[in-house]
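Mapping of the sequence shown onto our numbering: position 375 corresponds to residue 362, and the numbering continues sequentially without gaps.
Don't be surprised by glycine CBs; every beta carbon is placed ideally from N, CA and C.
Written out below as structure tokens is the structure these notes cover.
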Amino acid sequence: MSTTGPVAGEAHAPGARGPAGTIPLAVPNIGELERRYVLEAVESGFVSSVGPFVSEFERRFAERVGARYAIACATGTAAIHIGLLLLGVTSEDEVFCSDFTFVGSVNPIAYTGAKVTFIDSELRTWNMDPALLEAELDRRVAAGERLPKAVEVVHVLGQPADLETILAICERHGVAVLEDAAESLGASWSGGALAGRHTGQVGRVGAFSFNGNKIATTGGGGMIVTDDEELAARARHLTTQAKVPDVGYLHDEVGYNYRLTNLAAGLGLAQLERLEEFVSAKHAIAARYDTELADTGLVLPPRLPGYDATYWLYSVLTPEDDPRGRDEFLDHLNRAGVGARALWRPLHMQPPFAAAPVLGGRVGEQLFHRGVSLPCATELSEADQQRVTDAVRSFF
Ligand SMILES: *Cc1c(COP(=O)(O)O)cnc(C)c1O
């Protein structure tokens, strides 16, 4: 990876280091093990989408998140797309989706041609508000209206959603749950009905991302997980151009070239073997921020009993009554060499989805207007983190 100054526009690309001297928001942590496995993949001649690293990465990933099957994909977006197809989503259907998330959550719904309805977050978890979901499903049943084919629940920033409640509501209505766990590898529940379960593994299908800025990276990549053998086989089929095995170039439906390469899987396996190291680093960084920023007036990320967040990105909200707002705070931090960044614009405010219905919306707008992510690369030194907290504190 280049450590020289970035080209214009690249500074905010996923995993980018930013201008020289700034403390980066989040950058990949690539070491000797990664080098060794990628080199091994190159030297083995298996560089493409079949190879021992792909199968080993899938096997170990499934084991780590407690899923029966894992199917590696070219991107997290592709994993979500296939996940929707596995649930039978077509252009005749509708999907409910978290409103406050990265656009990669919803673009795959658009690929299927299905309609989307957005559901706002709750302030407790920053994720989908179960009360809004329940009210809408109950209202539709009472009105004799059609239910969505699936509910796509996102676990943003490494924070688990209240999936126990969401799942119970969806089960009562017979609606499938797809988890977008792109940002929550390593996050789980330690209390309630889902105690011991990993995010992404609870719904019928889960999707993860290994993009450059995520907690573990393959350069670009994703994973589909499921406990359903038939869905797993279908995922494998759809991601490999719907090729029928052992028959000369027979493709029995429209498929996708969505498989992960063996080269990328080598990188991914090394990252997976170091996941506990990354998660502990994120926890330590979050704990230090929690202590250092407790008296600043900032709203700190959720810390809920029974929820084991990874704090993949450590994000705070500017005080509600501070007239200076997020942009001034961001400017202040950026001028101090701190690679802080705003949170996402909710999906109902994105031009391609502006016409889609949204249930609620004010919470996501608050998170967007007041949210700032602070540097939390796994290699962030305590000295650099002190520079960040000093810069934050000097604003208040
Ligand atoms: C990163 C991300 C995606 C898309 O993953 P890619 O690997 O970048 O395609 C989808 N949803 C969320 C919430 C993400 O953060």
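For residue i, the nearest candidate out of the options (CA to CA)
i, options, result
"alanine 378", "Val286, Leu280 and Val345", "Leu280"
"leucine 165", "Gly75, Asp277 and Cys363", "Gly75"
"threonine 152", "Pro135, Glu109, Ala168 and Gly131", "Glu109"
"phenylalanine 197", "Gln353, Leu218 and Ala169", "Ala169"
"tyrosine 301", "Leu291, Ala252, Val325 and Ile272", "Ile272"
"aspartate 80", "Ala323, Ile96, Pro15 and Leu154", "Ile96"
"aspartate 167", "Glu158, Gly183 and Ala194", "Ala194"
"glutamate 43", "Glu260, Thr62, Glu30 and Gly207", "Glu260"
"histidine 224", "Thr204, Val29, Arg246 and Arg328", "Arg246"
"proline 407", "Val34, Pro289, Arg349 and Leu71", "Residue 407 cannot be examined here, being either before or after the span of the chain that is shown, -12 to 383."
"aspartate 125", "Ala101, Ala229 and Glu158", "Glu158"
"asparagine 200", "Pro15, Ala329 and Gly8", "Pro15"
"glycine 100", "Glu352, Val375 and Ala343", "Ala343"
"serine 35", "Gly358, Thr227 and His335", "Thr227"
"valine 212", "His68, Phe87 and Phe83", "His68"
"glutamate 21", "Ser31, Thr204 and Val375", "Thr204"
"leucine 154", "Gly207, Val29 and Gly187", "Gly187"
"leucine 330", "Val192, Phe33, Ser92 and Gly358", "Gly358"
"glycine 326", "Arg374, Arg290 and Pro289", "Arg374"
"leucine 262", "Gly32, Gly8 and Arg47", "Arg47"
"proline 460", "Arg290, Ser78 and Thr62", "The requested residue 460 does not occur in the structure, where the chain is confined to residues -12 to 383."
"proline 117", "Lys102, Phe83 and Ala130", "Phe83"
"glycine 242", "Ser381, Ser78, Val231 and Glu315", "Val231"
"lysine 102", "Arg322, His335, Leu250 and Leu317", "His335"
C-beta contact flag for residue i and residue j at 9 Å
i, j, result
"alanine 13", "tryptophan 299", "yes"
"threonine 450", "leucine 346", "In the structure as shown, the chain begins at -12 and stops at 383. Residue 450 is therefore absent and cannot be evaluated."
"leucine 320", "leucine 361", "yes"
"aspartate 371", "isoleucine 10", "yes"
"glutamate 216", "tyrosine 98", "no"
"tyrosine 128", "glutamine 337", "The amino acid at residue 128 is misidentified as tyrosine; the sequence shows valine. In this structure, glutamine 337 does not lie closer than 9 Å to valine 128 by Cβ."
"glycine 209", "threonine 64", "yes"
"tyrosine 24", "glycine 178", "no"
"asparagine 114", "histidine 142", "yes"
"glycine 38", "alanine 252", "yes"
"alanine 229", "aspartate 239", "yes"
"glycine 255", "phenylalanine 40", "yes"
"leucine 120", "valine 138", "yes"
"glutamate 123", "isoleucine 106", "yes"
"alanine 28", "asparagine 244", "no"
"asparagine 249", "serine 92", "no"
Residues that DSSP places opposite residue i in a beta bridge
i, result
"tyrosine 56", "Thr213"
"tyrosine 301", "Leu361"
"valine 138", "Phe83 and Val164"
"arginine 328", "Ser360"
"phenylalanine 195", "Met210"
"isoleucine 10", "Val325"
"asparagine 244", "Thr227"
"leucine 346", "Ile106"
"serine 175", "His185 and Asp295"
"valine 286", "Leu304"
Own chain partners of residue i with C-beta closer than 6 Å, once the 5 adjacent residues on each side are dropped
i, result
"histidine 185", "Val52, Gly53 and Ser175"
"phenylalanine 265", "Ile202 and Thr365"
"glutamate 45", "Ala57 and Ala59"
"serine -11", "Caution applies to serine -11, whose pLDDT of 40 falls short of 50 and renders its modelled position unreliable; the value that the coordinates give is listed next. Excluding sequence neighbours, serine -11 sits near nothing in its chain."
"alanine 163", "Leu74, Ala137 and Arg191"
Cutoff 7 Å; reference residue i; Cβ partners in own chain excluding five residues on either side
i, result
"leucine 150", "Val140, Leu181 and Val189"
"asparagine 94", "Thr64"
"arginine 221", "Leu73"
"threonine -9", "Caution is warranted here: a pLDDT of 40 is assigned to threonine -9, below 50, making its placement in the model unreliable, and no coordinate value can be reported."
"proline 333", "Asp86, Phe87, Gly348, Gly351, Glu352 and Phe355"
"glycine 8", "Gly324"
"alanine -5", "Only weak support exists for where alanine -5 lies, its pLDDT of 39 falling under 50; the coordinates are left without a value."
"phenylalanine 316", "Thr305, Val359 and Phe382"
"serine 78", "Thr99, Gly100 and Ala101"
Sequence-distant residues of the same chain with beta carbon closer than 8 Å to residue i, five excluded per side
i, result
"glycine 284", "Pro306, Asp309 and Phe383"
"threonine 297", "Gly145, Ser171, Leu172, Gly173, Ala174, Ile202, Val266, Lys269 and His270"
"leucine 287", "Tyr276, Asp277, Leu280, Ala281 and Val303"
"histidine 356", "Gly312 and Arg313"
"proline 339", "Ala97"
"glycine 130", "The sequence given here has alanine at residue 130, not glycine. There are no such residues."
- Query: Which parts of the segment 216 to 240 are runs of the alpha helix (DSSP H), unbroken and 4 residues or longer, counting only runs that do not cross its ends?
  - Reply: 216 to 226
- Task: Entirely within the segment 84 to 150 and at least 4 residues each: give me those alpha helix (DSSP H) ranges in chain order.
- Result: 94 to 99 and 117 to 130
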